[in-house]
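One structure below.
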Amino acid sequence: MAFDDAYSALTDHDDDARWAYGTGFSDPLASVPSSVPADVDGADLSLYCLMLGDDALILSHRLQEWVTRAPELEDELALANIALDLLGQARLLLSRAGVASGASSLAAVEDVLAFGRDAAEFRNVRLAERSDADFACLVGRLLVMVTWRLAAFDRLASSRDPMLAAIAAKGVKELTYHRDYAAQWVVRLGDGTALSHSRMAAAMAELLPLTGELFATHPVEARLAVAGVAVEPVSLRAEFDGVMAQVLEAATLDPVLPGPPVAASGEGAGRDGVHGPELDEILREMQSVARAVPGGVW
Amino acid sequence: MTDFALFDQAIARDQRIEPADEMPERYRSTMIRQIAQHAHSEIIGMQPEGEWITRAPTLRRKAILLAKVQDEAGHGLYLYSAAETLGADRGDLTQRLIEGRQKYSSIFNYPTLSFADVGVIGWLVDGAAICNQVPLCRSSYGPYARAMIRICKEESFHQRQGYELLLTMMSGTAAQRDMVQDAVDRWWWPSLMMFGPPDADSPNTAQSMAWKIKRHTNDELRQRFVDMSVPQAAELGVTLPDPELAWNASRDHYDFGQPDWDELRRVISGGGAMNEQRIARRRQADTDGAWVREAAAAHAAKNLEVAR
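Protein sequences appear in the order of chains A and B. Under my numbering, think of the first position of the first sequence as -15, with each following residue one higher. Under my numbering, think of the first position of the second sequence as 7, with each following residue one higher.
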């Protein structure tokens, strides 16, 4: 690099790889066929992509709230990075949901879905929308959600929907890092000081009973699993339990079993659009600018 | 020959001073202060725009903004590391910041009132930062100069993204165009102040230029920024809020009015709209995170014990 001529160093054009959005940016999924396989129900696929996309969008929002208040600069970077990865997954999945439901305007479909829906139309699990009382809750919830998600994406990488398979394959690499980051912090806090141990134990005791919702099978998941498109969440249970047991043991924390699956429909499940007041708060914030300027372009 | 003959020789030959080289104590302390203030500015500078990440009106803008704020945290990290090569300690520098004993750029003590501010900060504030920092890629202190090359590349990318947001908004509704103009009106003068007081009131400039840790005077850099920004404003379709702004063919530069220097002094000494809030947020993060850092240290110590 030309250290002595800073101006020419600034105009080097041979290092696009270092940019997050380099000048040579191209859609990594451009070559993946976007049509929905003939025997797959588009409405089901759309709803399934919303479930996975909304989990990522809402969890990303909760991580974004930690930017500028993390315990160390390294964690500012890591949390922003994870939030960015999840946001990227959400964008691809919302776009896929739009295509599968036959949306006409593809360019803006992710924004129509993110900013145009009300809480009852969001399909994320309620675990995603909880606010974090402290850093132990943050890393505990992250561990739970990305452990489930990594197990799911690992399977979805061979989904019969080629776009979902490509999105999942890309996500596996990201989620592997997310799980490692979260697990390391759960171990540090569990094993660290008496105070951090009690906070981490309290966080896990509060979180794990809420994980039942992740393993309840929604009718859409059941139908798409038969079609080879989706994964039955109950089949992820063994991997999830194994990872959690290993991390909790290393963290010197008591193993806490996940709660029983909540009923798939009707009884307060996020997958059916039933949410707590915390999702309303998130959406009021997230959608405030987009909704305040009708017809705005950004 | 002085005590620092090699240092003087290196400066005279435009060579780099490296961490292990002997250097005058005043050079070392000045560099630590300069780099630390720059690092603090990156970290505090995450806040004004960071407030808009959760509210960004499209997912693409949200991703761009999140990536930008993440870059700023990264810049803070490289810069604290550069300061540590001179014997400073990051924890100590952070304490100085949150106790108000070390400064950061006064620009971040202004509030961000609309999403257009995100674009204007990219265009004008990052633009001014680039004008200030590109010459620092040739700073005599090696680690700082090298960090600055990467930082300037990323800043130039942020500037283009900010400007592109504004161009898009200007093609939108009348309300959006008004938001952009309002943001330009509020950020133009504070951006000019980023270059520091006029040369006549900048007592440290001469020594810094002799040590080659500053390459141009405040007024030279301010002029360069104005000359760069005026055509960009015209292209955008906004008015810069300075009635004295006019092309001067005899100088081959734009003439422009003077910012309110009393305001700069007031903001630097803590009287800006957001000074207290910016520091309070950082202090809160430090306090809230103390138990986490203690736990990490305790866990690492136990592992070390086991390894023995």
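The C-beta atom is built at its ideal place from N, Cα and C for all residues, glycine as well.
First through last residue of the alpha helix (DSSP H) which encompasses A/Tyr32: In the first sequence, residue 32 of chain A corresponds to position 48, counting from 1. Here the alpha helix (DSSP H) through A/Tyr32 covers Gly26 to Gln48.
So which of B/Asp258, B/Ile136 and B/Ser145 has the shortest CA-CA distance to B/Leu198? Within the second sequence, numbered from 1, the residue matching residue 198 of chain B stands at position 192. Of the candidates B/Asp258, B/Ile136 and B/Ser145, the one whose C-alpha sits nearest the C-alpha of B/Leu198 is B/Ile136.
If the cut is a Cβ gap below 8 Å, which residues of chain A does B/Phe121 touch? Here residue 121 of chain B corresponds to residue number 115 of the second sequence, with the count starting at 1. Ordered by position in chain A, the residues that pass the 8 Å Cβ test against B/Phe121 are Val273 and Trp282.
Which partner residues of B/His259 appear in the DSSP bridge assignment? As a first step, residue 259 of chain B must be located in the second sequence, where it is residue number 253. Looking at the DSSP assignment, B/His259 forms a beta bridge with B/Asn254.
Straight-line CA distance for B/Tyr110 to B/Arg271? By one-based count along the second sequence, residue 110 of chain B stands at place 104. By one-based count along the second sequence, residue 271 of chain B stands at place 265. Rounded to whole angstroms, B/Tyr110 and B/Arg271 show a C-alpha spacing of 13 Å.
Would A/Gly257 and A/Ala104 be called neighbours here (beta carbons separated by less than 8 Å)? Within the first sequence, numbered from 1, the residue matching residue 257 of chain A stands at position 273. Within the first sequence, numbered from 1, the residue matching residue 104 of chain A stands at position 120. Taking 8 Å as the Cβ cut-off, A/Gly257 and A/Ala104 qualify as a contacting pair.
Could you tell me how far apart the beta carbons of A/Met184 and A/Ala235 are, in whole angstroms, since I believe they sit closer than 8 Å? If you number the first sequence from 1, residue 184 of chain A lands on position 200. If you number the first sequence from 1, residue 235 of chain A lands on position 251. Rounded, the Cβ-Cβ distance is 7 Å, consistent with contact.
Starting from the beta carbon of A/Val83, find every residue of chain B whose beta carbon is closer than 7 Å, and list them in chain order. Along the first sequence, one-based indexing puts residue 83 of chain A at 99. Result: empty, since nearest Cβ-Cβ is about 16 Å, beyond 7 Å.
Members of the stretch 196 to 221 of chain A near chain B, C-beta cut-off 7 Å: Residues: none.
Any idea if A/Thr195 is buried or exposed, counting beta-carbon neighbours within 10 angstroms, 16 or more meaning buried? If you number the first sequence from 1, residue 195 of chain A lands on position 211. Buried, because 16 or more other Cβ atoms sit within 10 Å of the Cβ of A/Thr195.
Status (buried if at least 16 other CB within 10 Å, exposed otherwise) for A/Pro261: Numbered from its first residue, the first sequence carries residue 261 of chain A at position 277. Its Cβ having fewer than 16 others within 10 Å, A/Pro261 is exposed.
What residues from the stretch 144 to 177 of chain A come within 9 Å of chain B, judged by C-beta to C-beta, listed N to C? Of all residues in the stretch 144 to 177 of chain A, only Trp169, Val171, Arg172, Leu173, Gly174, Asp175, Gly176 and Thr177 come within less than 9 Å of chain B when Cβ atoms are compared, listed by chain position.
If we count the other Cβ atoms within 10 Å of its Cβ and call it buried at 16 or more, is A/Pro55 buried or exposed? Counting from one through the first sequence, the residue named residue 55 of chain A turns up at place 71. Classification of A/Pro55: buried, given that the 10 Å Cβ count is 16 or more.
Out of B/Ser112, B/Ala26 and B/Gln229, state which residue places its alpha-carbon closest to the alpha-carbon of B/Arg257. Position 251 of the second sequence, counting from 1, holds the residue named residue 257 of chain B. Residue B/Gln229 is the option with its Cα nearest to B/Arg257.
Helix, strand or coil for B/Tyr147 per DSSP? Taking the first residue of the second sequence as 1, we reach residue 147 of chain B at position 141. Strand at B/Tyr147.
Could you tell me the alpha carbon to alpha carbon distance between B/Pro204 and B/Ile104, rounded to whole angstroms? Residue 204 of chain B sits at position 198 when you count from the first residue of the second sequence. Residue 104 of chain B sits at position 98 when you count from the first residue of the second sequence. Spanning the two alpha carbons is a distance of roughly 28 Å.
Expressed to the nearest angstrom, what Euclidean distance is found between the alpha-carbon atoms of B/Thr118 and A/Asp164? Sequence index remark: in the second sequence, residue 118 of chain B carries index 112 (1-based). Sequence index remark: in the first sequence, residue 164 of chain A carries index 180 (1-based). For B/Thr118 and A/Asp164, the distance between alpha carbons rounds to 36 Å.
Does any residue of chain B have a CB that is nearer than 8 Å to the CB of A/Glu265? Sequence index remark: in the first sequence, residue 265 of chain A carries index 281 (1-based). No, because no Cβ of chain B sits closer than 8 Å to the Cβ of A/Glu265.
Taking the C-alpha atoms as reference points, what is the distance between A/Leu198 and A/Arg110? In the first sequence, residue 198 of chain A corresponds to position 214, counting from 1. In the first sequence, residue 110 of chain A corresponds to position 126, counting from 1. So the alpha carbons of these two residues sit roughly 9 Å apart.
When DSSP builds the beta bridges, which residues end up paired with B/Ile23? Position 17 of the second sequence, counted from the start, is the residue given in the question as residue 23 of chain B. Answer is B/Tyr147, bridged to B/Ile23.
Under DSSP, the alpha helix (DSSP H) around A/Phe79 begins and ends at which residues? Translated into the one-based positions of the first sequence, residue 79 of chain A becomes position 95. Here the sequence assigns Ser to residue 79 of chain A, which means Phe is not the residue at that position. In this chain, the alpha helix (DSSP H) harbouring A/Ser79 covers Leu57 to Ala84.
Coil, strand or helix - A/Tyr5 by DSSP: As a first step, residue 5 of chain A must be located in the first sequence, where it is residue number 21. Note that A/Tyr5 scores a pLDDT of 42, beneath 50, so its modelled location is shaky and nothing firm can be said.
Where the alpha helix (DSSP H) through B/Asn138 begins and ends: Numbered from its first residue, the second sequence carries residue 138 of chain B at position 132. Counting along the chain, the alpha helix (DSSP H) containing B/Asn138 begins and ends at Asp132 to Gln139.
Listing by chain order, which chain A residues have their CB less than 8 Å from the CB of B/Leu72? Indexing the second sequence from 1 puts residue 72 of chain B at position 66. What B/Leu72 touches in chain A: Gln48, Val51, Ala64, Ala67, Leu68 and Leu71.
Along the chain, where does the alpha helix (DSSP H) containing B/Ala215 start, and where does it finish? The residue you call residue 215 of chain B lines up with position 209 of the second sequence. Sequence inspection shows Met at residue 215 of chain B; the Ala mentioned does not correspond to that position. Run containing B/Met215: Thr211 to Ala216, per the alpha helix (DSSP H) assignment.
When we look at the beta-carbon of B/Gly276 and count the other beta-carbons within 10 Å, is it buried (16 or more) or exposed? Taking the second sequence and counting its residues from 1, the one referred to as residue 276 of chain B is at position 270. With fewer than 16 other Cβ atoms inside 10 Å of its own Cβ, B/Gly276 counts as exposed.
Do the CB positions of B/Ser35 and B/Ile274 come within less than 8 Å of each other? Here residue 35 of chain B is taken as the residue at index 29 of the second sequence, counted from 1. Here residue 274 of chain B is taken as the residue at index 268 of the second sequence, counted from 1. No, these two residues do not count as a Cβ contact at 8 Å.
Report yes or no: is there a C-beta of chain B within less than 8 Å of the C-beta of A/His259? Along the first sequence, read from residue 1 onward, the residue named residue 259 of chain A stands at position 275. Chain B, which has no Cβ nearer than 8 Å to the Cβ of A/His259, makes this no.
Nearest-angstrom Cα separation, counted from B/Arg39 out to B/Gln108: Sequence index remark: in the second sequence, residue 108 of chain B carries index 102 (1-based). Sequence index remark: in the second sequence, residue 39 of chain B carries index 33 (1-based). C-alpha separation (whole angstroms): 8 Å.
Should A/Val317 and A/Ala136 be called a contact, given that it needs their Cβ atoms to be closer than 8 Å? Because chain A in this structure spans residues -15 to 282, residue 317 of chain A falls outside the shown range and cannot be described.
7 Å Cβ cut-off: residues of chain A touching B/Gln187: Counting from 1 along the second sequence, the entry for residue 187 of chain B is found at position 181. None at all; the shortest Cβ gap to chain A is about 15 Å.
For B/Ala16, I'd like the list of residues in its chain whose CB is within less than 8 Å of its CB, leaving aside the five on either flank, ordered along the chain. By 1-based counting over the second sequence, the position of residue 16 of chain B is 10. The answer, listed in chain order, is Arg22, Ile23, Asp27 and Ser146.
Closer than 9 Å at the beta carbon, the chain A residues around B/Lys109: Position 103 of the second sequence, counting from 1, holds the residue named residue 109 of chain B. Simply none; closest approach about 19 Å.
Given that a residue counts as buried once 16 or more other Cβ atoms are within 10 Å of its Cβ, and exposed if not, what is B/His259? In the second sequence, counting from the first residue as 1, residue 259 of chain B sits at position 253. Answer is exposed; the Cβ neighbour count stays below 16.
What three-state label does DSSP hand A/Ala253 in the structure shown? Position 269 of the first sequence, counted from the first residue, corresponds to residue 253 of chain A. DSSP places A/Ala253 outside both helix and strand once states are collapsed to three, so it counts as coil.
Please tell me whether A/Val128 and A/Leu191 are closer than 8 Å, where the distance is taken between their beta carbons. To locate residue 128 of chain A, count along the first sequence from 1; it is residue 144. To locate residue 191 of chain A, count along the first sequence from 1; it is residue 207. Contact: yes.
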